[in-house]
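**Student:** Residues in the sequence shown are numbered consecutively from 38, following our numbering.
First, the structure itself, so that you have it in front of you.
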Amino acid sequence: MSHGHHHHHASAGLPWARRLTVLLLAVVGLVTVAGMALLRPRDTPDVESTPSTRVLGAVVSVTSTACPAEAPAGTACGSVTVRLDDGAQVEAEIPNGPGAPVVKPGDKVTLLVLDDGAGGPKTYSIADFQRGTSLWVLGAVFALAVVAFGRWRGLTALLGLGITFAVLLLFIVPAILDGRSPVLVAVVGAAFIMLTVLYLTHGLTATTTVAVAGTLASLTLTAGLSALAIAFTHLSGIGDETATYLNITEGDVNMRGLLLAGIVIGSLGVLDDVTVTQSATVSELALANPAYGFRRLYGAATRIGRAHIASVINTIVLAYAGASLPLMLLFRTSGTPANELLTGEMIAQELVRSAVGTIGLIAAVPITTALAAFLAARTPAVSPAPPAMELPVAGRRPPDGDPWQSFYERGSR
38 MSHGHHHHHA
48 SAGLPWARRL
58 TVLLLAVVGL
68 VTVAGMALLR
78 PRDTPDVEST
88 PSTRVLGAVV
98 SVTSTACPAE
108 APAGTACGSV
118 TVRLDDGAQV
128 EAEIPNGPGA
138 PVVKPGDKVT
148 LLVLDDGAGG
158 PKTYSIADFQ
168 RGTSLWVLGA
178 VFALAVVAFG
188 RWRGLTALLG
198 LGITFAVLLL
208 FIVPAILDGR
218 SPVLVAVVGA
228 AFIMLTVLYL
238 THGLTATTTV
248 AVAGTLASLT
258 LTAGLSALAI
268 AFTHLSGIGD
278 ETATYLNITE
288 GDVNMRGLLL
298 AGIVIGSLGV
308 LDDVTVTQSA
318 TVSELALANP
328 AYGFRRLYGA
338 ATRIGRAHIA
348 SVINTIVLAY
358 AGASLPLMLL
368 FRTSGTPANE
378 LLTGEMIAQE
388 LVRSAVGTIG
398 LIAAVPITTA
408 LAAFLAARTP
418 AVSPAPPAME
428 LPVAGRRPPD
438 GDPWQSFYER
448 GSR
């Protein structure tokens, strides 16, 4: 009897903390929805459809011929007969140049239609392979693998992925093109993705709520640090050909803001991994050791978080190195000095992106762990620990009958 009394007294304040957390996140959700309503694109111009200059077909035959003497070494000469989808047969030259497709009979290809505008005959040039079917098959295999392993949670993860792409394509990109602040658009869009995807994937539980709060705090910190780092290093946001072309064709886009927005959105994917892991870790430690208080929960979970962060940092560096491998080889063979290589706009952007993102990840561990430990901590009773039969069991209401405590226990499993 006394054990139940001590347990009830020790956890009496915790339901209010949980209610406060849910209330704060409800406010965040309302602010996010209001922000999306205010930032939604209104004056995005309609893109006029132009006649397609691409046609689809299948290679019927490839006829090779001798190249002229002045042709560069490695040039392939000859013609390719292609049957278009409408049944017509056309001739095209064998593709040449860096990355040119090497075709053979039966290959499905995409052709460019060239018209001189003077009423002359159209000419055709093979541009690329058709990859639609291959990508759909790969996507189906990916979805089946996720659902087969994750089952219902895998299905919700796929739905969350769909929501992420929808927010990116239907809100973030059009709003930036409409002249909205890229930073505000990225923060509001990332918050919406976080709120919907985390709860959809991990359930409406206390563990997820703590992860959402930790992610939101860390994301805000990352956005602030990104703004400071971009200003401190004098980055323009124009570091490659794509950004240069966008700046020329869409002069109203704030390129520095776009760089900051990219850092925020890129950080979200790794942040939610860290915060969910830390929140779940604290919950499991609290269930396995009911006598653990805040200090012991925080210390044990932080040690796990350090190991996780160490591996995540290595993952981030390898991901950037893998994506930039051709660029690294180009700089290496060109003999560019290391100081020029690292301080150039293109590489400096990636260094700032990696450094700021990593600092945000590091901050996510203590923030999320402290919040989770505060909500999960049980003050040790003065009397001996209750026997095993009195510990919370899945599906059984806790001894004190508190519905918020039951909500927490279910969410921790």
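Think of the CB as a built atom: it goes at the ideal place given N, C-alpha and C, for glycine as much as any other residue.
Quick check on the DSSP output: the alpha helix (DSSP H) that includes residue 282 runs from which residue to which?
**Tutor:** 278–286 is the span of the alpha helix (DSSP H), which, as asked, contains residue 282.
**Student:** Buried or exposed for residue 409, going by 16 or more other Cβ atoms inside 10 Å?
**Tutor:** Burial call: buried.
**Student:** Answer with buried or exposed for residue 86, where buried requires no fewer than 16 other C-beta atoms within 10 angstroms of its C-beta.
**Tutor:** Unreliable placement is indicated for residue 86, whose pLDDT of 46 sits below 50; no coordinate value is reported for it.
**Student:** Would you report the Cα separation of residue 32 and residue 254, rounded to the nearest angstrom?
**Tutor:** The structure shown has nothing for residue 32, since the chain only spans 38 to 450.
**Student:** What are the complete beta strand (DSSP E) segments, minimum 3 residues, inside the segment 142–180?
**Tutor:** Runs of the beta strand (DSSP E) inside the segment 142–180: 145–151 and 160–166.
**Student:** Ends of the beta strand (DSSP E) at residue 121?
**Tutor:** Taken as a continuous stretch (DSSP letters only), the beta strand (DSSP E) holding residue 121 covers 115–121.
**Student:** When burial is assigned at 16 or more other CB atoms within 10 Å of the CB, is residue 139 buried or exposed?
**Tutor:** It is exposed - the Cβ of residue 139 has fewer than 16 other Cβ atoms within 10 Å.
**Student:** Using DSSP bridges, identify the partner residues of residue 100.
**Tutor:** 116.
**Student:** So for residue 22, helix, strand or coil by DSSP?
**Tutor:** No information on residue 22 is available, as it lies outside the stretch 38 to 450 that the chain covers here.
**Student:** If we count the other Cβ atoms within 10 Å of its Cβ and call it buried at 16 or more, is residue 239 buried or exposed?
**Tutor:** Answer is buried; the Cβ neighbour count reaches 16.
**Student:** Compare the Cα-Cα distances from residue 35 to each of 355, 406 and 221 and report the closest residue.
**Tutor:** With the chain covering only 38 through 450, there is no way to say anything about residue 35.
**Student:** Using CA atoms only, rank isn't needed, just tell me which of 283, 229 and 235 is closest to residue 66.
**Tutor:** Selected option, being the one with the closest Cα: 229.
**Student:** Would DSSP call residue 423 helix, strand or coil?
**Tutor:** At residue 423 the pLDDT is 45, less than 50, meaning the model places this residue with poor confidence and gives no usable figure here.
**Student:** What residue range is occupied by the uninterrupted alpha helix (DSSP H) comprising residue 337?
**Tutor:** That run of the alpha helix (DSSP H) goes 331–360.
**Student:** I need the DSSP call for residue 382, collapsed to helix, strand or coil.
**Tutor:** Of the three classes helix, strand and coil, the one that applies to residue 382 here is helix, per DSSP.
**Student:** Going by C-alpha distance, which of 127, 143, 128 and 148 is nearest residue 137?
**Tutor:** The shortest C-alpha separation from residue 137 is found at 148.
**Student:** What number of angstroms, rounded off, separates the C-alpha of residue 268 from the C-alpha of residue 198?
**Tutor:** Taking the straight line joining both Cα atoms gives about 33 Å.
**Student:** My output table needs one value for residue 107: the three-state DSSP class, helix, strand or coil.
**Tutor:** In the structure shown, residue 107 sits in coil (DSSP, three-state: anything other than H, G, I, E or B).
**Student:** Three-state secondary structure (DSSP) at residue 217?
**Tutor:** If DSSP states are grouped into helix, strand and coil, residue 217 belongs with coil.
**Student:** Here's a check: name, in chain order, each residue in its chain whose Cβ is nearer than 7 Å to the Cβ of residue 425, leaving out the five neighbours to either side.
**Tutor:** With a pLDDT of 43 at residue 425, under the threshold of 50, the predicted position of this residue should be treated as unreliable, though the coordinate-derived value follows. Counting only Cβ-Cβ distances below 7 Å, and skipping sequence neighbours, we find nothing.
**Student:** Looking only at DSSP bridge pairs, what is residue 127 linked to?
**Tutor:** Beta-bridge pairing links residue 127 to 119.
**Student:** Check each candidate in 129, 413 and 387 and name the one with the smallest Cα separation from residue 326.
**Tutor:** Ranking 129, 413 and 387 by Cα distance to residue 326 puts 413 first.
**Student:** With a 10 Å radius around its C-beta and 16 neighbouring C-beta atoms as the bar for buried, classify residue 421 as buried or exposed.
**Tutor:** Low confidence applies here, because residue 421 scores a pLDDT of 42, under 50, leaving its location unreliable; read the following figure in that light. The residue in question, residue 421, is exposed, as its Cβ has fewer than 16 Cβ neighbours within 10 Å.
**Student:** So residue 298 is in the alpha helix (DSSP H); what residue range does that whole segment cover?
**Tutor:** Per DSSP, residue 298 belongs to the alpha helix (DSSP H) from 292–325.
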